[in-house]
Each structure stands twice: as C-alpha cells, then as structure tokens.
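J.:
In the numbering used here, the protein residues as written are 2 to 585.
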C-alpha cells in the first residue's frame, strides 16, 4: 500500500522554518505579555510548535532565539481561592534552559497577591539572575493596590546582588503600580532608600554602567547607581529642588526623559534653573496640584536648548500655563516634533483665558516641522477656529502672558455648556452657508461675498484670523489621531490655507475613514464640512417635508476631502507610542 505524499510544509528547509517560527513567536509573546494575570492563558508559539511533531520540536529546541524572550506567567484564578493556574517557576526554568546562551529579555508581571510577591522574590528571580551574564532586559511590573505589605524589598534584593560593573543589563524597568503611600523618588538619602533597598549590601556601592534605559514607579532609587543612563522614565515622581538638580548631574549623558503624572516640588527653595544641553526628548504629564500646595512643578526649571521632541499629555485636564512658564518655552529653539495628547479641555473650556494662553505657548514653538495631535481638538490649536458668536476673541501677544495669581483658580474643570454651545454655533454656521447657496441657486443672482476658508465675515475677525493662522512657519508634517470628523475639517482648512507648505499628513484608522467618508469639500466656495447632529436633524425634517437638499442637488459641486487632500499631500497611516519610550 502506497503512503500518502508528504504535506508541503515538510519540504520547507529547516532554516526557513526557523524564521517562520521566530515571526510567530514574536506575535504570540506580545499577546501573552498583554494578557491579564487573572484570565485564561494560551501557551506561546514555541511551546505549541514542540507539541506538533518531532521535526518541529527539533527545530524549536535548536533555535535558542525562540526562547530568548521570557514572559514569566504568574497567572492566578479570578475567583477565591485565588491559586496559581500552573507552576511558573518550572516553566521559567525550562524556558531559560532552552534559550542556551542567547541574550535574554525577561518580563515578569506580578498579580496583587502576597504569595505572588514572595514567589517572585524567593524563587523566580533567583532562577533568572543565575543567567545574569546574558540578561539584556529585565522588566518587573507589580500590582500592589490590594496588597498590604508586598515583598518589594525581597525582589529588589535579588536584583541588587547582581548589580555591579560587570552586570550587562541595558534596560531595567521596575514598576509597582497602585501604591497609595509611596510615589517614585530619585534620591541619595539612605533613610528613604532603606524601605526598598538593603543599603548594607556591597553591591549597591558599585556602579552598573551598562544600564542605559531605566523605568521606575512606586519605589525610591539612587540614580548614581546607573551613571551611563541615556533614557529615564518615571511615573508619579516627587522631588525636592536639590534632588531634581542632582539627577542631571549624576547622569550627564541623559538624552530622553519621560515624566508621567509629575508632582509638584516638596520644598520651596533650591536651584531655580537646570540647563540640560544633552536632552533631546522630553515627555510630560502632570498630576493635579494638592489643595494645600502652591509649589511649582520640577519641569518648570528645565532649560533645553537642544530639545528635538516634546510630548505633552493633558489627561488630568490641567492648563499648560499652570504647569510650565514662558521661560521654559522661550529656551527651546531647536524643537522638531511637538506632540499634544488628550487635551480635550481645548473644547470643553475653549473660551477661557488659560486655554488661549496654552495655545499661544504652543504656537510660540515656531521651529517645529512635525505636529502630532492625539485625542485633542484641532480647531483652536491649528488657529483656524472662528471666534464664538457674541464674543470677540482677544488676541494677546506672547509677551503679555504672565504667571497666574493662583494655580488652583486656573485649573478649571471641563465646561460642558461651552462645549455644547460651540457645537450649536458650528451647526448654525453650516446651515447658514447652505442657506446662502440655496438662495443663490434659486434666484440666479450672485450671493454675498464668501470668506476664505477659516475666516469670518467681519474685518475684525479677519484680522484676528490672520494673526492666528500664521503658526509654525516650518511645519511640513501633521499627524492626527481623532474620532471627531470636525478635527479632519480643521485639518483640511489648515492645509488649504497653507498651500504647498504641508507635505505629509498622517492619520489614524478612524481619522482616515472620516477623511474618505465623512468630510466633504464644496467646490463652489472652497469650504469643508461634515454633518453634525444639528444639520443631520435639519435634513431629516426637510426629507419629511419633501424638500430637496441643497447638498445633494448639485452633487458635481461637492467632492470627497480624500480626493482633494491626496492631490496635495502624501497621506500615511499614523501609529504612536502612547507617550512612552519603548523598552528594549
């Protein structure tokens, strides 16, 4: 009896099959890393490949690079009694053995259970540090919000034993999330460090110059242990003036700094200015100032003459002008990329003085060539929003911006009424434009003179618009991640007003769909629009009354914004890193 012919996959050379395995492994490990510690767990690809057949098993076991990334799976059941789903120590040991001599990237996620911290510090980490000579990356993330006394000290002790001049680890991430009684702090004070580190250990007197990237949260750390640091990311940093000043002295080669949920100074005296000529990348987000404090934020002291990338996160709704002063912005003259994320207060609180001041501060960065706008209204930021009805927009010179009398007074909440009023105003403007076109078509007479895109009817408003639209003279790339079609309308208006200057537009998936499906261009007056709830309801009633809609009566006079845009700029997809410097 003749045997069936072999499957074509068995004819693939082992070297090519190993590369296919590597691609599949990278994909499965990312999914594994992002999975919660309390949900079901799917084995990563190398383990699955070993279970298919002997041929695949031999290839997988003889490819150490498949096992070079270790995600220690401390997975526990969701319901009491919360127990381990499997033995993470045994799995980690086998994974490390299969990696042979390959460089290691180790990720450990610890659930909010006391025994999980003990297991990590007493069993898993000692196994990992046995291979410290090939440890390239070590990232530990622990959930401490429901643990009264997590054994963080034991975990850090295992790391400290290997710290020294020969420690090859280049990237170190130590994040303990959810602590209510301890924020991150960079200090040399041994009394503060002793809570987390055993200062009697000889290893802590040695430097680890190989570490180039550090990420910390919820612990105290002596930055002088890693003098070769190039990239630093800190969450919820609290600091004195002197500690913040010493940070930059201890790591003179620092080029990338990310301070998320930055807190105000703990004291009121110390060095007022920190000039950092090497810093090229800065990402900032601010924690709300305590009601009992009037201290400034540490970032206010920074002077960055060679900064290339600035990222600002407005998640907590704080005005920029209450967190940073004018001197911070005027000292930046080499900036190439500006990213603005999560500043929805630009629409919620659009008419406030703090919002106008914030926008002027951002527009003072005239050297930028790339602007990235993420979950932030574009109308005011791009300088093309018509002033609100019944209120003349005040145009202040940048020199007139002064420090607020009270930070708390200016840290206003979101004003939903202003937001809804602006939506109604925009809808009325669109209806008015449609009515003008309708009367022109019916009478055959020329209609009133139409304004240029982004301008209004009065000379005063035209002057105001002229001043606000001349922003970022070197800007040639705009990137937008937004779910609002009005932001794409603003983008189209800006590109039209700056004809030939903008060369590239990058859009997220939703923004791209708005450009191709929602936003239209009226060719007869060169304006852009997208239906909102006001005009949609108007057209709905017109249909019921049997009226013909003007917007569809002359379809040849309306074109897709996608067609118009693609003939003028290069349109690319936009993927961003969520304000975080990637590990690795």
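Glycine included, every Cβ here is placed at the ideal spot set by N, Cα and C.
Starting from residue 140 and walking both ways along the beta strand (DSSP E), at which residues does that stretch end?
T.: It spans 136-144 - the beta strand (DSSP E) in which residue 140 sits, taken as one unbroken run.
J.: Taking the alpha carbon of residue 490 as the point to measure from, which residue in 16, 317 and 527 has its own alpha carbon closest?
T.: Considering only alpha carbons, the answer is 527.
J.: Does residue 528 come out as helix, strand or coil in the three-state DSSP assignment?
T.: Strand, per DSSP.
J.: Rounded to a whole number of angstroms, what is the C-alpha to C-alpha distance between residue 362 and residue 322?
T.: Going by the C-alpha atoms only, they are around 8 Å apart.
J.: Which residues in the same chain have their Cβ closer than 6 Å to the Cβ of residue 285, if we skip the five residues on either side of it in sequence?
T.: Around residue 285: 260, 300 and 313.
J.: Quick one: grab the DSSP three-state call for residue 27.
T.: Correct three-state label for residue 27: helix.
J.: If you compare alpha carbons, which of 216, 143 and 240 is closest to residue 122?
T.: Looking at the Cα atoms, 143 is the closest of the given residues.
J.: Using a Cβ-based criterion (distance less than 8 Å to any ligand heavy atom), does residue 215 qualify as near the ligand SAM?
T.: Inclusion of the ligand SAM in the displayed structure is not the case, the ligand content being empty and no account of it being possible.
J.: Run through DSSP, which three-state label would residue 575 get?
T.: Residue state, collapsed to three classes: coil.
J.: What number of angstroms, rounded off, separates the C-alpha of residue 238 from the C-alpha of residue 558?
T.: Computed Cα separation, rounded: 56 Å.
J.: If we count the other Cβ atoms within 10 Å of its Cβ and call it buried at 16 or more, is residue 349 buried or exposed?
T.: The residue is buried, with at least 16 neighbouring Cβ atoms inside 10 Å.
J.: Assuming contact is defined by CB atoms lying nearer than 9 Å, are residue 140 and residue 108 in contact in what I supplied?
T.: Yes. Within cutoff.
J.: Kindly list the residues whose CB is nearer than 8 Å to the CB of residue 133, restricted to its own chain and excluding five residues on each side of it in sequence; keep chain order.
T.: These residues qualify, in order along the chain: 163, 168, 169 and 170.
J.: With H, G and I counted as helix, E and B as strand and the rest as coil, what does DSSP make of residue 22?
T.: The answer is helix: DSSP assigns residue 22 an H, G or I state.
J.: If residue 347 sits next to residue 382, beta carbons under 8 Å apart, how far is it from one beta carbon to the other, in whole angstroms?
T.: At roughly 6 Å, the Cβ-Cβ gap stays under 8 Å, so residue 347 and residue 382 are in contact.
J.: Please go through the segment 103-137 and give each complete alpha helix (DSSP H) segment of 4 or more residues, from N-terminal end onward.
T.: If we require 4 residues or more, the alpha helix (DSSP H) runs fully inside the segment 103-137 come out as 115-120 and 126-130.
J.: Assuming the contact rule is C-beta atoms closer than 8 Å, residue 516 and residue 574 should be a hit. Round their C-beta distance to whole Å, please.
T.: In fact, because the Cβ distance is near 12 Å, the residues do not count as touching under 8 Å.
J.: Considering only the alpha carbon of each residue, which of 521, 494, 531 and 572 lies closest to residue 510?
T.: Minimum Cα distance to residue 510 is reached at 572.
J.: Just to confirm, are residue 159 and residue 191 a CB contact at a threshold of 9 Å?
T.: Their beta carbons are not under 9 Å apart, which means residue 159 does not touch residue 191 by this criterion.
J.: Using the beta-carbon count (16 or more within 10 Å), is residue 335 buried or exposed?
T.: Exposed: under 16 other Cβ atoms inside 10 Å.
J.: Which of helix, strand or coil does DSSP assign to residue 337?
T.: Looking at residue 337 - three-state DSSP - the assignment turns out to be coil, as it is neither helix nor strand.
J.: Measuring CA to CA, which of 24, 254, 10 and 27 is closest to residue 54?
T.: With distances taken between Cα atoms, residue 54 lies closest to 10.
J.: Have a look at residue 289 and residue 231 and give me their C-alpha separation to the nearest angstrom.
T.: Each residue's alpha carbon lies about 28 Å from the other.
J.: Could you say if the segment 54-73 and the segment 84-103 meet the contact criterion of at least three C-beta pairs nearer than 8 Å?
T.: Contact holds: three or more Cβ-Cβ distances are below 8 Å.
J.: What residues in its chain sit with their C-beta under 7 Å from that of residue 570, if we drop five residues either side in the sequence?
T.: Around residue 570: 496, 503, 504, 505 and 506.
J.: Compute the beta-carbon to beta-carbon distance between residue 271 and residue 246, rounded to the nearest angstrom, for a pair I have assumed lies under 8 Å.
T.: Residue 271 to residue 246, Cβ: 7 Å. Contact.
J.: What did DSSP end up calling residue 431 once you bin it into helix, strand or coil?
T.: With a pLDDT of 44 at residue 431, under the threshold of 50, the modelled position of that residue is not reliable, and the figure given next carries that caveat. Reduced to three states, the DSSP call for residue 431 is helix.
J.: Nearest-angstrom Cα distance between residue 152 and residue 48?
T.: If you take the alpha carbons of residue 152 and residue 48, they lie about 31 Å apart.
J.: Restricting to Cα atoms, I'd like to know which of 532, 308, 304 and 12 is closest to residue 276.
T.: That would be 304, whose Cα lies nearest to the Cα of residue 276.
J.: Report the three-state DSSP secondary structure of residue 295 (helix, strand or coil).
T.: Three-state result, residue 295: coil.
J.: Kindly give me the distance between the Cβ atoms of residue 137 and residue 104, rounded to whole angstroms, as I take these residues to be in contact under 8 Å.
T.: Indeed they touch by this definition, with Cβ atoms about 4 Å apart.
J.: Count the other CB atoms within 10 Å of the CB of residue 501; is the residue buried (16 or more) or exposed (fewer)?
T.: Classification of residue 501: exposed, given that the 10 Å Cβ count is below 16.
J.: Residues in its own chain within less than 6 Å of residue 65 by CB, not counting five upstream and five downstream?
T.: Closer than 6 Å at Cβ, skipping near neighbours: 100, 101 and 103.
J.: Looking only at its own chain, which residues have a Cβ that is under 6 Å from the Cβ of residue 483, when we skip the five neighbours before and after it?
T.: Correct list, in chain order: 512.
J.: Quick one: Cα of residue 26 to Cα of residue 211, how far?
T.: Computed Cα separation, rounded: 28 Å.
J.: Please name the residue in 530, 487 and 225 whose C-alpha comes closest to that of residue 165.
T.: Of the candidates 530, 487 and 225, the one whose C-alpha sits nearest the C-alpha of residue 165 is 225.
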